[in-house]
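Mapped onto the working numbering, the consecutive letters of the sequence shown carry residue numbers 132 to 683.
Note that CB positions come from ideal geometry on N, CA and C, so glycine has one too.
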Amino acid sequence: MKKIHYWFLSVCLILSTTSCEDYLERFPLEGPADQSYFANASELELAVNGCYKGMNFHPSDGMPTQLLLDVCTDINWDRNNSAMQQIGKGSHDSNNGFVRSVWNESYKIIGRCNFILDNMNKLDGKMDATLYARYQAEARFIRAYQYGYLIELFGGVPLVTKTLGLADAQVPKGTKDECATFVMNELDEAAKALPTSYDARNTGRATRQAALATKARTALYNEKWDVAATAAKAVMDLNINKLHPNFGELFSYKGQNSSEIMFSLQYLKGTLTHSTPQNFLSRNAQGASNKVPGQMLVDSYECTDGLSIDKSPLYNPKDPFKNRDPRLDFTLAVPGSNYFNFKFETHKDSVKTINYATGARVDNQDAIHAFATYTGYCWRKYTDLTDKDDRSNSELNIILIRYAEVLLIYAEAKIEANQIDQSVYDAINAVRQRVNMPAIKTGKTQAELRSIIRKERKYELANEGFRLFDIRRWKIAEKLMNGNFLGRIPKGLLATAPAIDANGTPDYSNVPNKADMRVVELRIFNPNRDYLWPIPYIETVTNKVLTQNAGY
């Protein structure tokens with residue numbers, strides 16, 4: 132299938148060297164002066180492909196934004212003393228480089244889309260009408276998708292819907308609600324002209340169901356429950372996308388063409404790659420282990436009977452990874468598991484381990500290396516053994532929208548609207564039973580189902596870039612992001628299970644040996660400030676009518 136993507140990515144790179152790169156280098160600047168653009172359908176196609184390419188930007192460590200955002204949450208940590216780490220521990224300000232990069236690159240993409248939508252009318256009636264409408268819809272989809280991200284990170288932002296000249300550069304914020312309404316309306320319009328599938332040559336482009344799913348996500352994040360449920364149900368009713376039978380396979384080369392995947396960033400060696408495996412992998416696997424999950428995520432996963440570890444008779448503190456939700460082992464590398472052909476063990480006394488590829492006992496770098504995972508765990512999603520010899524140049528596509536999320540959006544929206552019926556249980560149970568977890572029985576209260584859906588999103592979507600938005604909109608970030616980010620006990624295990632609350636968050640207060648856990652980082656979260664990122668300082672200096680978010 133990588134050969135199928137070659138043409139798509141090649142023309143994206145061609146575009147990046149043309150005048151399209153100047154469409155909007157940062158918000159706001161002049162567009163190109165070439166008034167003859169577009170001269171033909173091929174130029175239009177190249178421009179739209181350039182917008183897709185822009186979505187692959189890597190603000191840090193050669194990784195796409197979506198796989199970096201969880202570093203700013205309670206489930207992930209960045210060891211690099213980076214701008215991302217500053218956000219995670221609450222020490223960032225309006226000059227933060229990661230924040231600035233996300234803002235700038237998002238508006239570059241928006242600027243490119245605006246230029247297309249402003250100028251493609253030159254081809255109206257001069258090319259195939261269906262193709263014309265599709266390209267227009269693709270540009271609208273990409274622009275709406277980027278605005279959807281911006282408003283969840285920054286709140287209200289300048290809503291720029293046309294190419295700006297310098298005389299138009301002073302643009303105030305739109306409200307978050309205004310921006311969200313624009314996003315959803317745009318996605319409605321885009322969905323009308325987008326197909327539900329493409330031929331092999333066009334694999335990776337936006338589909339109707341991707342537009343509807345993005346609308347459902349935006350509506351959910353902005354508490355428009357009926358809109359979210361209706362849009363998600365529209366995707367379900369298309370009956371095109373299905374849950375992939377093997378959860379772990381989804382995040383490997385074997386699964387990247389699954390019908391569960393509705394939209395993903397496209398990569399191809401020799402054209403465009405990412406460094407995710409290098410950042411996630413263990414030291415034995417020759418990775419850097421610099422993006423690592425914490426103990427609190429590990430302990431949140433239920434046992435196979437559907438009970439949390441503080442309530443399940445299946446939980447054994449001396450063998451804590453046994454009888455657990457399979458998504459724990461599919462998502463993380465836990466001690467005792469096979470990880471890239473090594474027995475993964477992070478107990479500091481385990482100075483030797485097994486290389487399963489050779490059968491030999493070797494030095495255990497995951498215990499003795501000074502920069503081995505500080506938490507005792509590594510990420511397994513997006514670490515495919517195929518990349519073992521070229522860990523910084525992965526061509527594994529990165530999923531942005533998949534069907535499981537749509538089911539969880541539908542269920543949560545119905546729960547919050549208190550429209551609880553069998554379809555809510557069916558949606559949740561489809562996701563749970565895919566990994567052989569027991570079904571949720573009917574008769575639950577709204578509060579009970581709210582707890583269930585929040586935990587399901589944590590188990591299902593960890594390390595896919597959703598957690599930051601979830602803990603913000605649920606208003607639980609101030610609890611989760613204040614205090615210590617914890618790793619495993621370096622030379623032992625927890626004596627007892629921690630208490631697990633309704634959001635799936637562990638509390639170690641009553642664990643006898645809690646003091647032995649590794650304190651990886653002390654974090655601070657100011658609820659009067661940190662529910663939004665700051666507008667980059669340079670933007671408020673150059674755009675005098677752009678007001679800064681509170682507390683910055």
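Residue i (DSSP reduced to helix, strand or coil)
| i | result |
| --- | --- |
| residue 654 | strand |
| residue 597 | coil |
| residue 484 | strand |
| residue 424 | strand |
| residue 191 | strand |
| residue 329 | coil |
| residue 525 | strand |
| residue 234 | helix |
| residue 337 | coil |
| residue 392 | strand |
| residue 473 | strand |
| residue 629 | coil |
| residue 376 | coil |
| residue 445 | coil |
| residue 169 | coil |
| residue 677 | coil |
| residue 386 | helix |
| residue 347 | helix |
| residue 197 | helix |
| residue 409 | helix |
Start-to-end residues for the beta strand (DSSP E) that takes in residue i
| i | result |
| --- | --- |
| residue 491 | 491-494 |
| residue 618 | 614-618 |
| residue 532 | 529-533 |
N-terminal and C-terminal residue of the alpha helix (DSSP H) that residue i is part of
| i | result |
| --- | --- |
| residue 554 | 553-565 |
| residue 356 | 356-369 |
| residue 684 | Given that the chain is displayed from residue 132 to residue 683, the structure contains no residue 684 and the question cannot be resolved. |
| residue 457 | 457-462 |
| residue 183 | 172-185 |
| residue 307 | 307-324 |
| residue 550 | Element bounds for residue 550: n/a, residue is neither H nor E. |
| residue 215 | 214-220 |
| residue 72 | Past the boundaries of the shown model lies residue 72; the chain is included only from 132 to 683, so the question cannot be answered. |
For residue i, the residue or residues it bridges with in DSSP
| i | result |
| --- | --- |
| residue 580 | In the DSSP output, where bridge partners are listed per residue, residue 580 has none listed. |
| residue 403 | 399 |
| residue 649 | 618 |
| residue 208 | 423 |
| residue 638 | 630 |
| residue 244 | None, per the DSSP bridge assignment. |
| residue 510 | 463 |
| residue 434 | 455 |
is_contact[residue i, chain B] using C-beta, thresh 7 Å
| i | result |
| --- | --- |
| residue 635 | Considering every chain present, this structure includes no chain B. It has just one protein chain. |
Status (buried if at least 16 other CB within 10 Å, exposed otherwise) for residue i
| i | result |
| --- | --- |
| residue 676 | exposed |
| residue 508 | buried |
| residue 487 | exposed |
| residue 543 | buried |
| residue 404 | buried |
| residue 200 | buried |
| residue 616 | buried |
| residue 573 | exposed |
| residue 387 | buried |
| residue 181 | buried |
| residue 653 | exposed |
| residue 684 | An answer regarding residue 684 cannot be provided, because it is not within the stretch 132 to 683 covered by the chain. |
| residue 247 | buried |
| residue 321 | buried |
| residue 651 | buried |
| residue 344 | buried |
Residue i beta carbon near the ligand MG (any heavy atom closer than 6 Å)
| i | result |
| --- | --- |
| residue 579 | The ligand MG is absent from the structure shown, which contains no ligands of any kind. |
* Asked: Are the region 365-384 and the region 527-546 touching, with three or more C-beta to C-beta distances below 8 Å?
  -> yes
* To do: Take every Cβ of the region 596-613, pair it with every Cβ of the region 553-562, and state whether three or more of those distances are shorter than 8 Å.
  => no
* Do the region 325-341 and the region 298-305 make contact, defined as three or more Cβ pairs closer than 8 Å? -> no
* **Three or more C-beta pairs below 8 Å linking the region 228-238 and the region 453-464** => no
* Asked: Is there contact between the region 332-346 and the region 388-407, where contact requires at least three CB pairs shorter than 8 Å?
  -> yes
* Asked: Taking one C-beta from the region 623-636 and one from the region 183-192 each time, how about it: are there three or more such pairs within less than 8 Å?
  -> no
* Is the region 411-431 close to the region 477-496, with three or more CB pairs under 8 Å? -> yes
* Any contact of the region 420-434 with the region 197-214, i.e. 3+ C-beta pairs under 8 Å? -> yes
* Asked: Can at least three beta-carbon pairs, one atom from the region 503-522 and one from the region 470-483, be found at a separation below 8 Å?
  -> yes
* Asked: Is the region 375-393 close to the region 171-179, with three or more CB pairs under 8 Å?
  -> no
* Asked: Is it true that the region 281-290 meets the region 651-670, where meeting means three or more beta-carbon pairs spaced less than 8 Å apart?
  -> yes
* Asked: Pairing CB atoms from the region 305-317 with CB atoms from the region 274-281, are three or more of them under 8 Å?
  -> yes
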